[in-house]
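In what follows, a structure is listed as structure tokens, so that the remarks can point back to it.
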Amino acid sequence: MSLADFLNYQVEGVDGIMAAYASALHNVSLAGPTLFGPVINMAAEIAGQSLSHDDRSKYFVLLIITDGVLTDLQETKDALVRASDLPLSILIVGVGGADFTQMEILDADNGCQLESSTGRVATRDIVQFVPMREVHSGRISAVQALLEELPGQFLSYVRARDIKPRYLQVA
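Under the UniProt record's numbering, the sequence shown has 125 at position 125, and the numbering climbs by one with no breaks.
Written out as structure tokens, the structure is:
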């Protein structure tokens, strides 16, 4: 898939996410291998392009829904470390009964920062992983769990770059 094709999959807001999800239900079948690296690299390229256009007002969120065990863990970690400098957060939802232990590694909630194969450490945590089986067991709300870290991830990005909000002037 080219960058131009990928740009057609951008949506805005919750309504856009829900419409894309409904469309995907009819057009996508989940199958292996489970490769996150290429998707994260593509999202990072889009986020990086917004910076090259001197548009510091955009922040991107990549939503990944997966039913499988990650087969490119190191490539994914490398992509996440590179993307940790960009205006990007990644929300991952695990569906089904797969062993999602590797996803917990990507979601650096345990205090361990991700490290790339070259030894570079992520500048910030940009991943939130939620296994749907925890949601279905009634322990947490799906939306609450998925979005729990997003405000902090966004704020860590804008604070590190000293990005101030634009104030509207009312006439």
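Backbone N, C-alpha and C fix where the C-beta goes; we use that ideal spot for every residue, glycine too.
DSSP three-state label for residue i, please.
{"i": "Gln-10", "result": "coil"}
{"i": "Leu-3", "result": "Its pLDDT being 48, under 50, Leu-3 is placed unreliably by the model, and the measurement read from it follows with that caveat. Residue state, collapsed to three classes: helix."}
{"i": "Thr-71", "result": "coil"}
{"i": "Ser-29", "result": "coil"}
{"i": "residue 231", "result": "The shown model of the chain, from 1 to 171, leaves out residue 231, and the question about it has no answer."}
{"i": "Ser-52", "result": "helix"}
{"i": "Tyr-21", "result": "helix"}
Report the CB separation of residue i from residue j in whole angstroms; it is logged as a contact under 8 Å.
{"i": "Ala-98", "j": "Asp-67", "result": "6 Å"}
{"i": "Ala-83", "j": "Ile-126", "result": "6 Å"}
{"i": "Ile-17", "j": "Leu-80", "result": "Ile-17 to Leu-80, Cβ: 21 Å. No contact."}
{"i": "Gln-153", "j": "Ser-89", "result": "5 Å"}
{"i": "Ser-116", "j": "Asp-85", "result": "In fact, because the Cβ distance is near 12 Å, the residues do not count as touching under 8 Å."}
{"i": "Thr-76", "j": "Gly-37", "result": "5 Å"}
{"i": "Asp-102", "j": "Leu-73", "result": "Looking at the sequence shown, residue 102 is not Asp but Gln. Confirmed, about 6 Å."}
By Cβ distance, which residues of its chain are closer than 8 Å to residue i, with the 5 residues on each side in sequence left out?
{"i": "Ser-2", "result": "In this predicted model, Ser-2 has a pLDDT of only 49, less than 50, meaning its place in the structure is not dependable enough to derive any value."}
{"i": "residue 190", "result": "Because the chain here runs from 1 to 171, residue 190 falls outside it and cannot be looked at."}
Using DSSP's beta-bridge definition, name the partner residues of residue i.
{"i": "Gly-94", "result": "Thr-66, Pro-131"}
{"i": "Ser-89", "result": "Val-61"}
{"i": "Glu-115", "result": "Val-121"}
{"i": "Thr-34", "result": "Leu-70"}
Can you list, in chain order, the residues of its chain whose CB lies under 7 Å from that of residue i, leaving out five sequence neighbours each side?
{"i": "Gln-113", "result": "Val-121, Ala-122"}
{"i": "Pro-33", "result": "Thr-71"}
{"i": "Ile-163", "result": "Arg-56"}
{"i": "Ile-65", "result": "Val-93, Val-95"}
Can you give the Cα-Cα distance for residue i and residue j, rounded to whole angstroms?
{"i": "Leu-91", "j": "Val-61", "result": "7 Å"}
{"i": "Ile-46", "j": "Ser-141", "result": "30 Å"}
{"i": "Gly-94", "j": "Val-11", "result": "21 Å"}
{"i": "Glu-148", "j": "Thr-118", "result": "30 Å"}
{"i": "Ala-22", "j": "Leu-63", "result": "14 Å"}
{"i": "Val-158", "j": "Gln-128", "result": "18 Å"}
{"i": "Val-28", "j": "Ser-156", "result": "34 Å"}
{"i": "Gly-96", "j": "Val-130", "result": "12 Å"}
{"i": "Leu-35", "j": "Leu-25", "result": "19 Å"}
{"i": "Phe-100", "j": "Val-69", "result": "6 Å"}
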